[in-house]
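Undergrad: Dropping the structure in here first, questions after.
Chains as they are written, first to last, in my numbering: chain B, 1 to 265; chain S, 266 to 530; chain L, 531 to 762; chain P, 763 to 994.
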């Protein structure tokens, strides 16, 4: 038994359950605004994708920006470099990236692997906020970052990795040798919410991804307390090939459908 | 740079390479016997699948038995219970399982999660060998076993797990608390060879699995020095949907095609 | 195994059969939960779900969302459950490998697991994988499930032959996990383990069984908190 | 950064351009290898593979087996490489998530990575992710690749402006990984790092460049072992 028990399970006695059963399990939110409405100030939020348009939960991000809550900790990967460099966006579109939460002043911290582009002209929103002392930037090697997120979802509190030994990221971390090689101890990384992006969901919450849009999405879905997914299509159970389900419904709490013909990728 | 460098890369200078290029990379073995011919006595061998017929590399196992090498360490999951119980086999077939290496006296050790059925009448081959002192049986919780194998492939020398704390499997292991819960340190588990089973391979070695036949196969493919796969079909690159590749070609060393209409599942 | 219930006379009333134990355990499975059923009595729960309850069944070998079995002789070896049986392909099913399957378990994403037991102690320790005199046993996924599922229900016969108690003060068999069991459904009682207050609460008895009848067949001390209902 | 090459005069001959550096680095990529190319000069290697050499390109974002890019304006955002460009869909390609992508890297399954550098030290330490005066930088997948690929090739310009050396005795910039670099291809030299014998061996120079010319633009001591060839 884990100490943490979902309210929906533990707080439902037999009598309540009879009532509750009359309501079908419905993970589908009516709008992006509704899906993020309960995210409080001070929350930690994983944002899926790799960096670039593909696999980024762009509409959920815009809804979170519009919600206006502050003191957010963002956990991403390549973060906030598209707006000034076009990274991972088709040429004809204006890129939208995680920098929006630093431009708006909502985020006070980011944990990611790639927070700044090669160039400083113009300055990205994250570097600007960092230079002004308005945001903490925690830079983690990409493989360590994704493995820490995976570990959180997989019940692994900590693991050893060879990456980063002898570098600034090793400072203050426990070192240990196995078979004559030195490794660092890295701990699991969780969050209050994960905003992720998939191609397709079934009504239960099974998800299908496409191409390189997987990236950080599947692992983040397992690691956060509440997982919210933005999809291009919702189908009945069976509408996704059982061999192609990339995230199991167990991990998904809310699903929001994008509008048909949304001009944003 | 890892200290271990593949001979094919490091020992090939420009001149040799020119010659080597004339020979196309060919991972396809002509027979099951050929594919296992260089497995020496004393080798450690991962055997994929879950237990039962589906996903088991049955033809490779039979070829290894016929090879006759001894002092083998087998790493499996549910192991050697089908012959006496029918576990995971269609009713009309005589089950074949990992017990064959203990019946033949080739194996002296097995690391697995489920080495004996509930009943001792008749005795399984593994229990018989164990009772006669001819085989060591190392019983590992299934989740720890698969995570140790995954860790070996993923460059993680060790990780902490909650499973097994306070039980016999915790004996002699390092304990550590994270956030008030106690965990065990478990180390990566590798092997000299992995014998695995997939539905389909392309000629490069990308693999597609079907249904519940995945099980231990994908992780074992990443964890052993040499990975040998038994498949029902071989196709050209592109013959597997890029969204359905379950094991990347990088991990696969040898491919053997089963005969059309093979009566064994 | 110390056992105060050894010298008892006849049972006061019939015990529930295996199907009835499973049916009572199934009452505690909440609609929409992700559930893993162990082999034996636990697996029978699937046949007795209350109307309107739909569960997402998980099996260790990498399948979520399976339902009924294929007809005899029609099973596909590549569509197996963890008990070695062959379910039918149904809409919404998902397949995955053992790494993902145990990430789900170990990560605490299984809402409920129903398992069998050899012994359960007063504080919820579970022994279910090895009989000491055999000297060898199979752990399979039991340790991962017992240690990490959000809720652990034990469905078992209350006693072994000769009225020996399986609900004991301390497990004498090798442990599967410590302080993991939340409730026990047997052929004579439904018992809740209140770990915070170190109590084992008798919630229900089989028809015709009293508190004393159950206590006499239980090594661990039972308590009452509110009404004791009748198992049904 | 201490630098003995600061006061040198003109170069004795033209330096190779970025494409020529990439072409020379590409000569060391073995047919059939799994290869990860960093952004900048390393990415150009793909354009200069020797005839008959086919590589399996890996990108951190979860793609193996990509080749040429889509035409401008025709790229699919869901088919990206790690540099943010959009390759074409080609047969044999595979997609996977970041967990698997970095399991492949960290597990030592990348045969060769070609990376850029800010500094490389005599013993193969690499600095390539942050210029100290900026105070912020991006690690991305560089630490995983440098620490874990079987072979690390650096493709870069030999000096920064003013003939400042990038091949140094000790890196003064924040490190990416220690003792990871196997060879360095620059616009004036091809250098092998022989870690076992603690030597930096000059293997080739650009046309018109002597050992002394290269050494004068290199802080770390170079040695010779056999002939010094000409880069081509």
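For glycine and all other residues, C-beta sits at the position ideal for the given N, C-alpha and C.
Source: prediction; values computed, not measured.
Report yes or no: do the stretch 64-74 of chain B and the stretch 230-238 of chain B share at least 3 C-beta pairs separated by less than 8 Å?
TA: no
Undergrad: Along the alpha helix (DSSP H) that carries residue 235 of chain B, what are the first and last residues, could you check?
TA: That residue, residue 235 of chain B, is in no alpha helix (DSSP H); its beta strand (DSSP E) goes 224-235.
Undergrad: For residue 212 of chain B and residue 857 of chain P, which I take to be in contact (beta-carbon distance under 8 Å), what is that distance rounded to the nearest angstrom?
TA: 6 Å
Undergrad: With 8 Å set as the bound, which would you pick, yes or no: does the beta-carbon of residue 52 of chain B sit closer than that to a beta-carbon of chain P?
TA: For residue 52 of chain B, the nearest CB of chain P lies under 8 Å from its own CB, placing it at the interface with that chain.
Undergrad: Just the chain B side, please: which residues come within less than 7 Å of residue 636 of chain L by C-beta, in chain order?
TA: 154 and 155
Undergrad: Would you check if the distance between the CB atom of residue 889 of chain P and the CB atom of residue 879 of chain P is smaller than 8 Å?
TA: Going by C-beta atoms, residue 889 of chain P is nearer than 8 Å to residue 879 of chain P.
Undergrad: Strictly by DSSP, which residues pair up with residue 287 of chain B?
TA: Absent from the model: residue 287 of chain B. The displayed extent of chain B is 1 to 265, so no value can be given.
Undergrad: From L:571, L:751 and L:563, pick the residue whose C-alpha is nearest to that of residue 728 of chain L; which is it?
TA: L:751
Undergrad: What residues are listed by DSSP as bridge partners for residue 793 of chain P?
TA: In DSSP, residue 793 of chain P forms no bridge with anything.
Undergrad: Does the beta carbon of residue 439 of chain S come closer than 8 Å to any beta carbon on chain B?
TA: no
Undergrad: Name the residue from B:136, B:184 and B:57 whose alpha carbon lies nearest to the alpha carbon of residue 264 of chain B.
TA: B:57
Undergrad: Is the beta carbon of residue 851 of chain P sitting closer than 8 Å to the one on residue 817 of chain P?
TA: no
Undergrad: Would residue 901 of chain P count as contacting chain B if we go by Cβ distances under 8 Å?
TA: yes
Undergrad: Would residue 543 of chain L and residue 737 of chain L qualify as a contact pair, given that the criterion is a beta-carbon distance under 8 Å?
TA: Cβ atoms of residue 543 of chain L and residue 737 of chain L: closer than 8 Å.
Undergrad: What residues in its chain sit with their C-beta under 7 Å from that of residue 41 of chain B, if we drop five residues either side in the sequence?
TA: Excluding residues within five positions, the ones whose Cβ falls inside 7 Å are 69, 70 and 71.
Undergrad: So, is residue 200 of chain B buried or exposed, given that buried needs 16 or more other C-beta atoms within 10 angstroms?
TA: buried
Undergrad: So the candidates are S:364, S:425 and S:396; which of them puts its Cα closest to the Cα of residue 442 of chain S?
TA: S:425
Undergrad: Please identify the residue among S:432, S:433, S:431 and S:412 whose C-alpha is closest to the C-alpha of residue 423 of chain S.
TA: Closest option to residue 423 of chain S, Cα to Cα, is S:412.
Undergrad: Count the other C-beta atoms from every protein chain shown that fall within 10 angstroms of the C-beta of residue 827 of chain P, then say buried if there are 16 or more, exposed otherwise.
TA: buried
Undergrad: In or out: residue 519 of chain S buried (at least 16 other Cβ within 10 Å) or exposed?
TA: buried
Undergrad: Can you say whether residue 98 of chain B is buried or exposed, counting buried as having 16 or more other CB atoms within 10 angstroms of its CB?
TA: Buried, because 16 or more other Cβ atoms sit within 10 Å of the Cβ of residue 98 of chain B.
Undergrad: Anything in the stretch 119-148 of chain B with a Cβ closer than 7 Å to a Cβ of chain L? List those residues in chain order, please.
TA: none
Undergrad: State the CB to CB distance for the pair residue 165 of chain B and residue 182 of chain B, rounded to an integer number of angstroms; the pair is presumed to be in contact (CB under 8 Å).
TA: 5 Å
Undergrad: Between residue 88 of chain B and residue 196 of chain B, which are expected to be in contact by the criterion C-beta below 8 Å, what is the C-beta distance as a whole number of angstroms?
TA: Going by Cβ atoms, the distance from residue 88 of chain B to residue 196 of chain B rounds to 17 Å, so no, they are not a contact pair.
Undergrad: For residue 152 of chain B, which residues from the same chain have a beta carbon less than 7 Å from its beta carbon, with the 5 sequence-adjacent residues on both sides left out?
TA: Taken in chain order, the residues that qualify are 188, 189, 190 and 223.
Undergrad: Using a cut-off of 9 Å between C-beta atoms, extract the partners of residue 854 of chain P located in chain B.
TA: Chain-order list of chain B residues neighbouring residue 854 of chain P: empty, with the shortest C-beta distance near 15 Å, by a criterion of under 9 Å.
Undergrad: For residue 741 of chain L, would you say it is in contact with chain D, using Cβ-to-Cβ distances shorter than 8 Å as the test?
TA: Reference to chain D is not applicable here, since the protein chains of this structure are B, S, L and P.
Undergrad: Of all Cβ atoms in chain L, is any one closer than 8 Å to the Cβ of residue 202 of chain B?
TA: yes
Undergrad: Considering only the beta carbon of each residue, do residue 142 of chain B and residue 887 of chain P sit closer than 8 Å?
TA: no
Undergrad: Buried or exposed: where does residue 260 of chain B fall if 16 or more other Cβ atoms within 10 Å of its Cβ makes it buried?
TA: Under this definition residue 260 of chain B is an exposed residue.
Undergrad: Opposite residue 463 of chain S in the DSSP bridges: which residues?
TA: In the DSSP output, where bridge partners are listed per residue, residue 463 of chain S has S:496.
Undergrad: Can you pull out the residues from the stretch 587-602 of chain L whose beta carbon lies closer than 7 Å to at least one beta carbon of chain S?
TA: For the stretch 587-602 of chain L, the set of residues with a beta-carbon nearer than 7 Å to any beta-carbon of chain S comprises 590, 591, 592, 593 and 602, in chain order.
Undergrad: State the DSSP-derived secondary structure class of residue 24 of chain B, mapped to helix, strand or coil.
TA: The predicted position of residue 24 of chain B is uncertain, since its pLDDT is 43 and thus under 50; a value taken from the coordinates is nonetheless stated next. Here residue 24 of chain B sits in coil by DSSP.
Undergrad: Please check if any C-beta of chain L sits within less than 8 Å of the C-beta of residue 500 of chain S.
TA: Taking CB atoms only, residue 500 of chain S has no neighbour in chain L less than 8 Å away.
Undergrad: Does at least one heavy atom of the ligand COA sit under 7 Å from the Cβ of residue 810 of chain P?
TA: With respect to the ligand COA, the structure offers nothing, as it holds no ligand at all.
Undergrad: Which bits of chain B does residue 564 of chain L rub up against, with CB to CB less than 9 Å?
TA: 248, 249 and 250
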